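Residue numbers (our numbering), protein chains in the order written: chain W, 226 to 998; chain P, 2 to 155. Worksheet: the structure to be examined is printed underneath.
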Amino acid sequence: MTRKTLLVGKAFPRIEGAVKVTGQCHYLLDMPATADMLYAGLVTSTQPHARLLSIETEEALQQEGVETVLTAHELPGTLGMSLQDRPILAGERVRYVGEPVAVVVAQSPAMARSAASRVRVRYKDLPVVASIADSLAAEAPILHPDLAHYPGADVLSPPDSANVAARFEMKAGDMQTGWARADVILEQTYRSSVRHHAALEPHGAIARQNGDGSIMLWCSTNAPYTLRSEIAQALNIPPDRLRVRGLCVGGGAGAKNHTCIEVLVVAAAMHQPEHFIMLSLDQKQEFTSTFVRPALVARLKMGVSREGEITALQASYQWDVGASADACLETVWASAYTGTGPYRIPHVDIRSAGIYTNHTPASPMRGNDVAEIHWAIEQHIDQMAAAIKMDPVMFRLQNIVKGGDMLALGEAMHATGLDQCLQSVVEAVDWQEKPLSRTTSARGKGLAIFWSPTTLAPKHSVEASARLDPGGCSIAIDAEDAGTGLHTFVAQLAATELGVPLSWVHIDAVDTASALYHPQPKATAELCSIGNAVLAAVRQLKQQLLAFVAEAWQESANHIDVIDGVVISHATERQQALDEVLSTGIDTDAGRRPAPMLETRGQSTPSPLFPRHDDSLSAILHFCAGAVAAEVEVDRISGEIRVLQLAAALDVGHAINPDLVLSQIKGGTMQGLGSALWEALIYREGMPLNPNLHHYSIATFADLPAQLYTHIVEVPQDGGPYGARSLGADVPVMVAPAIANAIYNAVAVRINDLPITSERVWTKLIKLTNPLR
Amino acid sequence: MNYPVSFHLNGKLIAVQVTAQESLLDVLRHRLGLTGAKEACNEGNCGACTVLLDSLPVYACMVLAVEVDGAAVETVEDMESEELHPLQKAMIDQQGLQCGYCSSGMLVTAQALLAHNSRPNKTQIREALAGNLCRCTGYADIIKAIQVASRARR
Ligand code: FES
Ligand code: FES
Chain W
226 MTRKTLLVGK
236 AFPRIEGAVK
246 VTGQCHYLLD
256 MPATADMLYA
266 GLVTSTQPHA
276 RLLSIETEEA
286 LQQEGVETVL
296 TAHELPGTLG
306 MSLQDRPILA
316 GERVRYVGEP
326 VAVVVAQSPA
336 MARSAASRVR
346 VRYKDLPVVA
356 SIADSLAAEA
366 PILHPDLAHY
376 PGADVLSPPD
386 SANVAARFEM
396 KAGDMQTGWA
406 RADVILEQTY
416 RSSVRHHAAL
426 EPHGAIARQN
436 GDGSIMLWCS
446 TNAPYTLRSE
456 IAQALNIPPD
466 RLRVRGLCVG
476 GGAGAKNHTC
486 IEVLVVAAAM
496 HQPEHFIMLS
506 LDQKQEFTST
516 FVRPALVARL
526 KMGVSREGEI
536 TALQASYQWD
546 VGASADACLE
556 TVWASAYTGT
566 GPYRIPHVDI
576 RSAGIYTNHT
586 PASPMRGNDV
596 AEIHWAIEQH
606 IDQMAAAIKM
616 DPVMFRLQNI
626 VKGGDMLALG
636 EAMHATGLDQ
646 CLQSVVEAVD
656 WQEKPLSRTT
666 SARGKGLAIF
676 WSPTTLAPKH
686 SVEASARLDP
696 GGCSIAIDAE
706 DAGTGLHTFV
716 AQLAATELGV
726 PLSWVHIDAV
736 DTASALYHPQ
746 PKATAELCSI
756 GNAVLAAVRQ
766 LKQQLLAFVA
776 EAWQESANHI
786 DVIDGVVISH
796 ATERQQALDE
806 VLSTGIDTDA
816 GRRPAPMLET
826 RGQSTPSPLF
836 PRHDDSLSAI
846 LHFCAGAVAA
856 EVEVDRISGE
866 IRVLQLAAAL
876 DVGHAINPDL
886 VLSQIKGGTM
896 QGLGSALWEA
906 LIYREGMPLN
916 PNLHHYSIAT
926 FADLPAQLYT
936 HIVEVPQDGG
946 PYGARSLGAD
956 VPVMVAPAIA
966 NAIYNAVAVR
976 INDLPITSER
986 VWTKLIKLTN
996 PLR
Chain P
2 MNYPVSFHLN
12 GKLIAVQVTA
22 QESLLDVLRH
32 RLGLTGAKEA
42 CNEGNCGACT
52 VLLDSLPVYA
62 CMVLAVEVDG
72 AAVETVEDME
82 SEELHPLQKA
92 MIDQQGLQCG
102 YCSSGMLVTA
112 QALLAHNSRP
122 NKTQIREALA
132 GNLCRCTGYA
142 DIIKAIQVAS
152 RARR
C-alpha cells in the first residue's frame, strides 16, 4: 500500500522565514525607484464634516517639479465592493478628517508633500455626527442623503433611520415565552472603542500605465483580486486592463482587504502615462485616511431560569461604521448571527446595524465583530451566573452550544472542542485556587469563551493552480500571506499530497494576470477553501505525473507512487528521484525521455454550514471556538491593573502546523491584551486626537504577562483540508472580557466600556467606597 | 545644499552627498539601496528602522544623515556571512516573526544586547527590546528566540 510522509500536523518554520530575517523580503517600499518615477502626495480633509466651497490648486501647480493635481473634478466616482458609498475623492463635502480631497503628483516625495500643503481647501463646517447617539438623534444631519440610490443599496434591508447604512435581524422562538420562563432578567449596555489596525507596514502603492494602455499596480494587500475589481469598477475600466501584483505584506490585520488609497495611485498613473507613480502614507494618514476598526454599542437583555438555563436574549448591536459602510457590511451582518455567543438560547431577537458617523470608514480587523460581541456577552454571562449563584464555569458548561444543537439561525451546529478549551484554560490558571489579596491590592480571576465564524463571500468558490517543472512544484492561490502562515500551510498540504519534501514547494506571488488562475473577484485569505482548492489541483497534478511515469515504465499507474521525492513502482521496485526525472528525464528501457511540464487547476466550492438564503451576502462556513482565562491584580487606591497571567485555548479542527497556529494564538492574545487595556483612537467632535503609534498604545515587550499559556484543541472539521478549520476571523482571542471578569472578581467593579483604563477602574472604586462622589 | 558624509557601513568606508534634512534611514534605503532597515512610522515610534550606530541601536529615521559622519553603522544586511546568524536562525525556528516587518529592527537590537550581555534573562531582553514594536507575534517567541540564540553562540 502507499506510504505517505505526512507533512501535515507537523511543526515547520515558516517557508519565507529566511528572506524575512535577512531583510531581503521585498515589501512595497523596498521596490527600487526608477529614474522616471513620480510621487503622489495626498491632500486630506482637516474637517470632520463640511461642505467643500473650493479647492484652489494654482499655487501648488506652480511649485517646482509638480506635474498635476487631481480633484473630484477630474476624478469623480465612488468606491465599494457591495455598497458604493465611498467617494474616490471628496466632491461636494467631506465626511471625516483624513478623507482624500486631492492628489498631487510631483518629481520627488518632498516636492509632492510641499505642493500638497499648498493646495488651498475652503470648507464650510457642518454639524458633526460624533457618535452613534448623535447619528440617530432626530435632528441629526443626514450623511448620505442619496444612500437609497447608491449602487448596491438594493441588497440591504431598507434603513429604519436616515443614517443607518445597513441592518440585519435574527429571530428565533418567541420572546414572550422566553421572558416568562426566566427567573432573572438583566439588561445592560457595553461599549467598545474605535481602534486602529496599526499594522507596522503603512499602506502604499506603485502604479504605471504602459504604452498599450494596460496598467500595473503593486501594493500592500492580502487580496489583490478584490482590489482589482474595486478599482476597475470605480475608475470604469475593464478589470483585465489592470494587473495587480502581490508583494510581501507587512501585516494587515484586516485593513488591507479593500482599496483605500491604491485607487488614487492608479488614477494618477492614468493621468501620467508611462511613469511609475508612487504613494506611501505617513503615520497620520495611515491612521486617518485608511480604515479603522468599528466601535460597538451593545445593549443586551437576557433571561435565565433558577436552574441555570438561558431562556431568552434580546440584543442590539450598533456599529459605528464611520463615513462609509461598504468595508464593514460583513461585520454588521455577521454580528447578527454570532450575536448569541456560543450558547444554546431558544428565544432570540437580535438586531445589528451599521451607523454612519463622521469618523474614518471602518473595516473589519483581526477578530472581526467577534471581539466586541463577546466583550458584551461574556461579561453579561458572568453577571447572569452570579445572579443565580452559579459558578461561571458550570453555568457556561450547562449552556454551551454543542454539535447537533439547533442554532437560532436555523441550522444545526457542528461539533467543536469548546468545552475542552474551557477546561484547558480553567486548569491553566488554577481556577479553584482563590488568588491572594492584600489591603492595598486585590487579585482576581476571570474567563471568557467565544465562537468565531469564518465568513464567505456570496457564491464563493476558489481556484488554485499547481505546476511541476525542474524548479519544483509551484502553487498559485489568490491571497498573499500577511504573516498568518497561510503560505506555509498551503505548502505543507501540497507537499504531503504530492509526496515531496516541503522545500520543493513554492508559492507564487499573486499576479492577477496569471492565465492559469481565475478566482472570483472577492479573494479570501481563508484556509479551508484555499486548502481544498490546492489539494484538488495537486491531486490532478500527481495523477498526470503518475500516468506519465506509468507510460514510460510500461506499468499500471496504480503501482506507482511518489514518496519523499522519489518515484517508486511498488510492483517492480524500480525507482528514480523525481527531481532527476523533471530535470533530465525519466529512465525508460529505451533510454531517457524528457518529462513534460505539468500544470493543473483545482477548485473548491465549499458548502457553508450556514448559508444565507437570499444568496446576496456572505455565509458562515463554520465556527472556531475557544476560551481565555486571566488573572489580574488591581491596586485598590489607584485602579492600576496588572495582568499576571493569560491562558488561551482554541479549537482549530486540525493544526496543519502547530507551531504556526500557536504563534497566531500568542499574537492574538497580546493584541487582545492591548485592546483590553489601552487601544482607542480617540475622537473629539470628529477630530482624531491620537493618530500615531506614540499616542495610540499597542502592547509592547514590557506588557507581556509573567505567564502566557496557549493551547490547541483539535476536533476535526468535516470538509476541512485534513480536518482543519479556517482560523476564525484571524484568531481573535477574547482577552478583554476575561480581564473585565477578573477585575470584577478582584474588586467588585464592572467596567462596561473599552478600553479598561485604570482611570475607569479608579472612578468606580471611588464610588464603591464613597457613594456620594 | 549637499554635504559630504563618510562613514563605515557594514565594515566598508563609504562617502555620500546628503542634504541637511535627510535621515540616516533615507540615505541607507534611497541613496545606498540597503532596504533591510524598514520604513514604518518614520517618527521614532516603532523601531522597524533600527540600525546600530557605533554598536548602539538607534532609530535610523530619527538620526540625521549628517550626524553619522565618521561613525560606524551596521544594518541587518551585515548579520549573515556564509550562513544565517544564530539569532536569525532562532527567530525562524522559534516563530519570532509573522509578517516580518519588525524583524530587521528586532534582530539588530537583539544583536546589540547579546554583544554586551551574552546570557540575558527574560527581563533584560524585555528591557532591551522595549523600543521595538511588533503587531503580530505577541513578543513571547521573540524572547525565546533570543534566549535560544544566546545559548547557541560559541
Ligand atoms: S520607522 Fe523609525 S521608529 Fe518607526
Ligand atoms: S512580525 Fe509583524 S510586526 Fe512583528
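Don't be surprised by glycine CBs; every beta carbon is placed ideally from N, CA and C. Keep in mind the model is a prediction, meaning the values are calculated, not measured.
State the CB to CB distance for the pair residue i and residue j, rounded to an integer number of angstroms; the pair is presumed to be in contact (CB under 8 Å).
i: W:Gly305; j: W:Asp551; result: 4 Å
i: W:Leu355; j: W:Asn593; result: What sits at residue 355 of chain W in the sequence shown is Ala, not Leu. Actually they do not touch by this definition, with Cβ atoms about 25 Å apart.
i: W:Ala901; j: W:Ala961; result: 4 Å
i: W:Gln623; j: W:Gly547; result: So it is not a contact: roughly 39 Å between Cβ atoms.
i: W:Asp607; j: W:Asn966; result: 5 Å
i: W:Gly708; j: P:Cys137; result: 5 Å
i: W:Val763; j: W:Ala578; result: Contact doesn't hold; Cβ gap of about 44 Å is too wide.
i: W:Ile866; j: W:Val853; result: The pair is not a contact, with the Cβ atoms about 16 Å apart (cut-off 8 Å).
i: W:Val419; j: W:Ala905; result: 7 Å
i: W:His500; j: W:Arg433; result: 7 Å
i: W:Pro726; j: W:Asp789; result: 7 Å
i: W:Glu705; j: W:Gly471; result: 4 Å
Should residue i be labelled buried (16 or more other beta-carbon atoms within 10 Å of its own) or exposed?
i: W:His298; result: exposed
i: W:Thr227; result: The predicted position of W:Thr227 is uncertain, since its pLDDT is 49 and thus under 50; no value can be drawn from it.
i: W:Met631; result: exposed
i: W:Val972; result: buried
i: W:Pro695; result: exposed
i: W:Ser781; result: exposed
i: W:Met527; result: buried
i: W:Pro181; result: Residue 181 of chain W is absent from the structure shown; chain W starts at 226 and stops at 998.
i: P:Tyr4; result: exposed
i: W:Ile240; result: buried
i: W:Gly911; result: buried
i: W:Asp616; result: exposed
i: W:Pro238; result: buried
So, for residue i: in the same chain, excluding its five sequence neighbours on each side, which residues have a beta-carbon less than 8 Å away from its beta-carbon?
i: W:Asn977; result: Gln413, Thr414, Tyr415, Arg416, Gln604
i: W:Asn461; result: Gly302
Who are the Cβ neighbours of residue i in its own chain at under 6 Å, not counting the five residues just before and after it?
i: P:Arg32; result: Val17
i: W:Lys767; result: Leu723
i: W:Asp408; result: Ser530, Arg531
i: P:Ala153; result: Pro87
i: P:Val37; result: Checking the sequence, you will find Gly at residue 37 of chain P rather than Val. Hits under 6 Å: Thr76, Val77, Glu78, Ser105.
i: W:Val346; result: Ile280, Val326
i: P:Thr110; result: Thr51, Pro58, Leu130, Asn133
Apart from the five residues on each side of it in sequence, which residues of its chain come closer than 7 Å, Cβ to Cβ, to residue i?
i: W:Val233; result: Gln717, Leu718, Thr721, Ile881, Tyr947
i: P:Ser1; result: Residue numbering for chain P in the displayed model covers 2 to 155; residue 1 of chain P lies beyond these limits and cannot be assessed.
i: W:Pro567; result: Ile625, Val626, Leu643, Ile674, Phe675, Trp676, Ala850
TODO: Return the residues of the stretch 908–928 of chain W that lie within a Cβ-Cβ distance of less than 7 Å from chain P, sorted by chain order.
DONE: Asn917, Leu918, His919, Ile923, Thr925, Phe926, Ala927
Open item on the list: Closer than 7 Å between beta carbons: that is the criterion. Which residues of the stretch 138–154 of chain P meet it against chain W?
Closed with: Thr138, Gly139, Tyr140, Ala141, Asp142
- [ ] Can you give me, in chain order, the residues of the stretch 22–33 of chain P that have a beta carbon less than 9 Å from any beta carbon in chain W?
- [x] Gln22, Arg30, His31
Task: Members of the stretch 540–553 of chain W near chain P, C-beta cut-off 7 Å - done: none
Task: Within the stretch 510–595 of chain W, ranges of the alpha helix (DSSP H) (whole runs, at least 4 residues) - done: 554–563
Task: Near-chain P residues of the stretch 248–268 of chain W - C-beta to any C-beta below 8 Å - done: Gly248, Gln249, Cys250, His251, Tyr252, Leu254, Asp255, Pro257, Ala258
Task: 4 or more residues per run - each alpha helix (DSSP H) lying fully within the stretch 342–417 of chain W - done: 357–361, 400–405
Task: Residues near ligand 3, criterion Cβ-heavy atom distance below 6 Å - done: Annotation note on ligand 3: not contained in the displayed structure, which lists ligand 1 and ligand 2 as its ligands.
TODO: Please list the segments of the alpha helix (DSSP H) lying wholly inside the stretch 10–55 of chain P, counting only runs of 4 or more residues, in order along the chain.
DONE: Those alpha helix (DSSP H) runs which fall completely within the stretch 10–55 of chain P and span 4+ residues do not exist here.
Open item on the list: My parser needs the beta strand (DSSP E) runs of 3 or more residues fully inside the stretch 449–523 of chain W; what are they?
Closed with: 467–470, 501–505
Open item on the list: Taking beta-carbon pairs under 9 Å, can you tell me which members of the stretch 72–89 of chain P lie near chain W?
Closed with: Thr76, Val77, Glu78, Met80, Glu81, Leu85, His86, Leu88, Gln89
TODO: May I ask you to list, following chain order, the residues of the stretch 869–891 of chain W that have a beta carbon less than 9 Å from some beta carbon of chain P?
DONE: Of all residues in the stretch 869–891 of chain W, Asp884, Leu885, Leu887, Ser888, Gln889, Ile890, Lys891 have a Cβ within less than 9 Å of some Cβ in chain P.
Task: Contact residues within the stretch 92–105 of chain P, judged by C-beta distance below 7 Å to chain W - done: Met92, Ile93, Asp94, Gln96, Leu98, Gln99, Cys100, Gly101, Tyr102, Cys103, Ser104, Ser105
TODO: With 9 Å as the C-beta to C-beta threshold (strictly closer), list the residues of the stretch 471–496 of chain W near chain P in chain order.
DONE: From the stretch 471–496 of chain W, only Cys473, Val474, Gly475, Gly476, Gly477, Ala478 have a Cβ closer than 9 Å to chain P.
Task: Residues in the stretch 417–434 of chain W having any Cβ partner in chain P nearer than 7 Å - done: Ala423, Ala424, Leu425, Glu426, Pro427
Open item on the list: Restricting to runs no shorter than 3 residues, where is the beta strand (DSSP E) found entirely within the stretch 250–309 of chain W?
Closed with: As far as the stretch 250–309 of chain W is concerned, its whole beta strand (DSSP E) runs of at least 3 residues are 263–269, 275–281, 291–295.
- [ ] Note down, in chain order, all residues in the stretch 46–63 of chain P with a beta-carbon under 8 Å from any beta-carbon belonging to chain W.
- [x] Asn46, Cys47, Ala49
Open item on the list: What are the residues in the stretch 728–740 of chain W lying within 9 Å of chain P by C-beta distance?
Closed with: none
TODO: Give the residues from the stretch 498–527 of chain W that approach chain P closer than 7 Å (Cβ to any Cβ), ordered along the chain.
DONE: The residues in question are Asp507, Gln508.
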